[in-house]
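Chains as they are written, first to last, in my numbering: chain W, 1 to 345; chain F, 1 to 254.
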């Protein structure tokens with residue numbers, strides 16, 4: 001009977017993953033079709049098959065180009081970014097044993113914004129590549145500081161969280177200092193837009209890089225999923241269950257920092273996804289990480305693609321920053337889960 | 001499996017918490033660790049279980065130095081139950097007991113027949129089989145403790161270390177758990193506060209005071225009025241009980 005229950009859960013997960021894959025495909029198609037200039041779903045489909053060399057249908061070159069070069073790459077990067085942030089959130093919530101943990105708790109986003117501001121305001125380098133590089137360097141500088149302060153991330157969850165708070169404060173202060181002392185109004189606006197996140201500038205090379213990072217990170221995390229479960233009752237309990245606690249912590253903190261830094265350097269610090277999606281996924285597939293991590297990846301991907309569509313249609317002729325939309329869409333959704341999961345007393 | 005410790009010393013900064021403790025636990029024996037608060041019981045237990053590295057000295061389990069055994073391999077033989085470990089995660093009783101199989105499973109291995117047997121057996125031992133689907137958060141303190149012990153049993157260990165396993169339990173479950181641990185076919189070391197329970201269920205008792213081993217031997221040899229007065233600072237009357245060699249302690253309120 002127990003194994004029946006286990007099989008039931010596996011079937012449920014498989015169904016859930018299949019269903020969310022279908023939903024994701026539709027979401028990506030919709031994201032590609034919808035925009036300032038709407039393109040029919042049939043045209044979208046034929047454009048993609050044309051580019052893949054499967055068909056040779058006649059489509060206006062402008063539409064083909066918009067679908068392939070602008071919107072599809074953007075939608076796929078959004079999906080990967082959502083998946084990546086959700087995975088990081090789930091990992092950090094487990095390792096730090098804190099339900100409020102999210103990808104930016106280790107100071108990565110604050111560091112990335114400082115790096116980005118150095119590029120935008122101080123003009124170190126130029127162009128979008130160096131913006132990403134600056135953000136990435138800043139993110140890793142912040143993570144290195146947290147690792148240093150928390151003794152290689154081995155000194156317990158609360159200590160690590162405090163180190164993350166310290167690093168975030170420091171880098172946020174640096175960002176504000178740079179913006180207020182040397183920025184003009186336009187630069188300050190650029191910085192703020194960047195901080196709230198945008199999929200505007202992403203292209204295929206971004207997708208390729210992010211795909212590799214997400215696949216590698218997810219593989220490492222799934223490989224360590226059993227060990228993550230063992231952290232349920234804390235570090236010492238995990239050690240007593242045979243988990244090499246210090247090594248797992250360091251590897252997983254490293255992986256989440258890499259993944260978060262990559263996402264943030266491409267599309268900015270998009271909040272809320274990494275906090276909420278793991279909770280929503282846990283609600284559906286349960287707390288065991290071998291199921292939770294793939295579920296998080298799918299839910300995060302769908303959520304981000306839908307949020308990106310919303311960011312383009314909420315206000316006519318304008319793109320609302322994606323970070324604003326994730327919170328606007330996410331909070332009501334999260335409120336429902338919180339309400340349903342409230343303690344029965 | 002036997003547990004042998006030689007000259008264990010451990011401390012933080014300049015404070016010594018365990019100083020120069022040596023002990024031997026024979027296979028199948030139940031050793032009780034007693035001592036006042038802060039006497040180093042928990043620390044000694046963690047040193048024995050390999051969860052902390054001694055500053056000097058060594059621990060051998062079944063003749064092998066545990067510092068040389070990989071953590072995962074050690075955890076297939078040695079289980080550790082800490083006092084009232086808590087979680088916010090919404091897990092079921094069964095999920096928690098399944099964690100005990102962690103050291104036996106590779107990263108992606110499926111759930112095997114021995115895994116299932118070990119979990120079913122462990123749940124049965126602590127009388128929680130009928131409640132295996134119940135959420136952890138709805139259990140009482142005592143039930144949680146029993147589930148922790150079931151998880152340790154699911155590791156199918158040969159040596160078990162328990163840090164005050166009877167905390168939070170009513171008297172029936174205190175006796176039940178200790179009787180179960182004693183009757184299990186494994187070597188166990190239990191830190192206990194209740195001296196009468198220690199006398200009832202342990203083959204031998206070790207008394208710690210400020211990290212130093214004060215006495216070690218059978219209950220009637222160790223639980224004397226002199227030790228109770230010097231180490232625990234209580235006046236007590238010790239009488240023989242119907243069980244030979246198991247003294248009964250009656251504390252005096254004077």
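Glycine included, each C-beta is placed from N, C-alpha and C at the ideal position.
Query                                                                                                                                                                                                : Result
Starting from residue 288/W, find everything on chain F with Cβ-Cβ shorter than 9 Å and list it in chain order.                                                                                      : 91, 95, 98
Going by CA-CA distance only, name the one from 83/W, 248/W, 223/W that's closest to residue 235/W.                                                                                                  : 248/W
If contact is defined by three or more beta carbon pairs under 8 Å, each pair taking one atom from either stretch, is the segment 167-183 of chain F in contact with the segment 136-152 of chain F? : yes
Between residue 242/W and residue 75/F, is the Cβ-Cβ spacing less than 8 Å?                                                                                                                          : yes
Pop quiz: residue 278/W and residue 296/W are said to be a contact at Cβ under 8 Å. What is the actual Cβ separation, rounded to whole angstroms?                                                    : 5 Å
Could you name the residues of the same chain whose beta carbon sits closer than 6 Å to that of residue 327/W, not counting the 5 residues immediately before and after it, in chain order?          : 272
Pull up the distance between the alpha-carbon of residue 124/W and that of residue 70/W, whole angstroms please.                                                                                     : 28 Å
Measuring only the C-alpha atoms, how far is residue 14/W from residue 105/W?                                                                                                                        : 31 Å
At 7 Å on the CB atoms, spell out the chain W contacts of residue 80/F, in chain order.                                                                                                              : 240
Just the Cα atoms here: how many angstroms apart are residue 44/W and residue 27/W?                                                                                                                  : 13 Å
Counting pairs of beta carbons, one from the segment 108-119 of chain W and one from the segment 134-144 of chain W, are three or more of them closer than 8 Å?                                      : yes
Rounded to whole angstroms, what's the CA-CA distance from residue 236/F to residue 158/W? Just pull it up for me.                                                                                   : 43 Å
For residue 147/W and residue 261/W, what's the separation of their Cα atoms in angstroms?                                                                                                           : 15 Å
So which residues of chain F does residue 244/W contact, with C-beta pairs closer than 8 Å?                                                                                                          : 71, 72
Using 8 Å as the threshold, is the C-beta distance between residue 223/F and residue 234/F below it?                                                                                                 : no
If contact means a Cβ-Cβ distance below 8 Å, which residues of the segment 99-117 of chain F contact chain W?                                                                                        : 99, 100, 102, 103, 105, 107, 108, 111, 116
Excluding sequence positions up to five away, which residues of its chain have a Cβ less than 6 Å from the Cβ of residue 137/W?                                                                      : 115
Nearest chain F C-beta to residue 115/W closer than 8 Å, yes or no?                                                                                                                                  : no
List, from N- to C-terminal side, the alpha helix (DSSP H) runs of 4 residues or more that fit wholly inside the segment 25-68 of chain F.                                                           : 41-48
Beta-carbon of residue 122/F versus every beta-carbon of chain W: anything under 8 Å?                                                                                                                : no
Could one say the Cβ of residue 210/F lies closer than 8 Å to chain W's Cβ atoms, at least one of them?                                                                                              : no
Going by the DSSP bridge assignment, what does residue 247/F pair with across the sheet?                                                                                                             : 240/F
Going by alpha carbons, who is nearest to residue 157/F out of 20/F, 27/F, 6/F?                                                                                                                      : 27/F
In the DSSP assignment, what residue or residues form a beta bridge with residue 216/F?                                                                                                              : 206/F
What does the Cβ neighbour count give for residue 132/F, buried or exposed, with the cut at 16 atoms within 10 Å?                                                                                    : buried
Within 8 Å (strictly less), CB to CB, does residue 75/F reach chain W?                                                                                                                               : yes
Out of curiosity, what's the CA-to-CA distance linking residue 139/F and residue 338/W?                                                                                                              : 21 Å
So, under 8 Å CB-CB, residue 229/W and residue 208/F are touching, yes? Tell me the CB distance rounded to an integer number of Å.                                                                   : In fact, because the Cβ distance is near 34 Å, the residues do not count as touching under 8 Å.
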